[in-house]
Amino acid sequence: MKKLNGTIIVTYRCNARCTMCNRYKAPSLPEEEISLDTIRKLPRMYFTNVTGGEPFIRTDLKDIIRELYKKSDRIVISTNGFFTDRIIALCKEFPRVGIRISIEGLEKTNNEIRGLPDGFNRGYATLKELVDMKHPDVGFGMTVQDKNAPDLVPLYQESEKLGMEFATASLHNSFYFVEAKNIIHDRLMVAQNFENLINELLNSKSPKKWFRAYFNHGLINYIFGQKRLLQCDMSFDTFFIDPYGDVMPCNGTKDKEVMGNLNKQSWDEIWSSKQADAVRRKVRCCDRNCWMIGSVSPAMHKYFYKPFFWVIKHKFLRFFKKKKYSMYELKVVRDYRDGKISKEELDKLSTCDLTASVNNGLSTASKEQLNKKSGEEIVAEDIKGQGYISK
Ligand code: SF4
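Just so we're aligned, residue 12 is where the sequence shown starts under our numbering, counting upward by one.
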C-alpha cells in the first residue's frame, strides 16, 4: 500500500479564542480523545500533521509523537505557541519535528484575532526560543482576513529575519472550525496584500518559495470563490482522523464526513470499505473549493506540472521582461475591478452561509458536558488543573 498524507486531530480542546474559529466553544472530552492504541493502527504516512484544537493541551503528546515516528517520516505540529515549556521539551526530544505557530498579525492584530492574553509575545517568545536552540524546522502560520491582511508582508519579512518558514491560509467555513459565516469583505485589498507577498516570494532565491507564491496565487483565486486551481484528491491519498477515531477525507466539509472508525475497525477495513468509497464519490463532486495547505500540498506534488509551469512563466517574465506578478492575471479579479461581477455575486460563490446551523462534529458525551458549562469554562478549568492560567 502506498504511503499516505495524514492529519491527526488529537483534541478539540483549545485555549485560544480566534475570531474565525469557534472550536474553543466545542471541546472534546479528554477521556474520549484518540488513544495510543488507535494511533498504533494508523498506516504508514509520508507526511503527518498533528493538530487540534491545541495539541499541546494533551499531556501525553510526546507519547503520541513517539508512536507516530514509527510510521511517519515527517511530522509537523500546528500550535498556538502558548505552552512554551511543553513545546521546547518536545523539540528537545524530537529534534526533527516541525513546529508551526499561528501568529495572526503584528502584536495588536494578533491579540485581537487570537484572543489569547499576551498571545503574540508568548507565541513569538516560543518561536525565538526554538530559533535560539537552533531547532531546524520552525515557522509561522497566518490565516489572512480583512483585519490582518496589511500585516502579511511585514510578518513574512519578520519570518525571513528569523530564518523561518512562513505559511498562509485564508478564511474557511466547516464543521471543523464550527463556523459558517467566515467571509472576506474587501477582496481587492486582501488580494493586493497577497500580490505583494507573491512578488516577495518570487523575488527570493528559494525555489520552495516560488512554489509558495503559486499557493498564495491560489488563495486569491479562492477568496474570489473560483474553482480550485488543482483537483482535490482528499480521501484518495490523504486523510484526517478526529479525536474520536473517525477517519474523514478532510476538514473542509460542511458536515462531518466519515469513512470509518479506527477505534472499532482496522485501517485496511476502513480504507477499502463501501463507506469510504461513498465519501470518495462525494469528494469527486465537492464544490467547496477549499485552498488549505493540507489538501493543496499533496495536489501540488501530484499535479506538479501546473505549479511548475506557473513558476517558470513568472520567473521568465520577471527576469527577462521585468514584469511582476499581478492579481489581475485572474479573470475574476479583472471582472470585479471592471464591474462585470458584483460583491454580492462573489459573496454567493463563497461558502459563507449566514443561516447555516453548524454541526460541530462532537460526540454525544462531549456535547453533554456543554449542558453544564461553556467550552471556554471547561478548557480554562482543564488547563488550570494542569498548572496554566489562560483567560
Ligand atoms: S474541496 Fe476538498 S478539502 Fe474542500 S471540502 Fe471538498 S473535498 Fe474537502
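Built from N, CA and C at the ideal position, the CB exists for glycine as well.
The structure presented is a predicted model; accordingly, all values stated were derived computationally and were not measured.
Alpha-carbon to alpha-carbon, residue j and residue i
i    : j    : result
Y23  : L328 : 45 Å
M175 : L166 : 11 Å
V343 : I352 : 8 Å
K275 : L341 : 47 Å
W321 : L199 : 22 Å
I400 : S39  : 20 Å
P106 : L208 : 30 Å
C296 : Q237 : 15 Å
G229 : L240 : 6 Å
M144 : K103 : 9 Å
E190 : K216 : 38 Å
E280 : V294 : 20 Å
L47  : I323 : 45 Å
K219 : E379 : 46 Å
M234 : D346 : The sequence shown places Ile at residue 234, rather than the Met named in the question. Their Cα atoms are separated by approximately 14 Å.
G116 : H196 : 18 Å
D393 : K359 : 40 Å
F67  : E171 : 26 Å
N5   : A367 : Outside the shown range of the chain, which is 12 to 402, sits residue 5, and nothing can be said about it.
W221 : L273 : 38 Å
C363 : K285 : 31 Å
I19  : I231 : 28 Å
S283 : I99  : 39 Å
V390 : P54  : 31 Å
I75  : K333 : 50 Å
M311 : F319 : 9 Å
Contact check, residue i vs residue j, beta carbons under 8 Å
i    : j    : result
N159 : T120 : yes
F250 : G17  : yes
A180 : M338 : no
K81  : L101 : no
R125 : A224 : no
T59  : R85  : yes
M259 : D253 : yes
C261 : G305 : yes
V87  : G109 : yes
D257 : V269 : yes
F151 : F177 : yes
T154 : L182 : yes
T95  : E169 : no
Y255 : E43  : yes
K52  : S277 : yes
M404 : N193 : Only positions 12 to 402 of the chain appear in the structure, and residue 404 is not among them; the question remains open.
K326 : N210 : no
T264 : F186 : yes
G386 : Y35  : yes
S83  : R111 : no
V307 : F226 : yes
I45  : V21  : yes
G437 : K267 : Since the first and last residues shown for the chain are 12 and 402, residue 437 lies out of range.
K25  : E65  : According to the sequence provided, residue 25 is Cys. The question's Lys does not apply to it. Yes, they are a contact pair.
I114 : F93  : no
D248 : P309 : yes
Neighbour-count burial assignment, residue i, 16 or more Cβ in a 10 Å radius
i    : result
D162 : buried
Q156 : buried
R97  : buried
A37  : buried
T137 : buried
K135 : The question names Lys, yet the displayed sequence has Tyr at residue 135. Its Cβ being crowded by 16 or more others within 10 Å, Y135 is buried.
L357 : buried
P147 : exposed
N3   : Residue 3 is absent from the model: the chain starts at 12 and stops at 402.
R133 : buried
E330 : With the sequence shown as reference, residue 330 is identified as Phe, and Glu is not the correct amino acid for it. Classification for F330: exposed.
E388 : exposed
L365 : exposed
A202 : buried
Practice task
Quick one: residues with CB closer than 5 Å to any heavy atom of the ligand SF4, in chain order, please.
Solution key: Here the list is C243, M245, C261, G263, T264, V294, C297, R299, C301 and S306.
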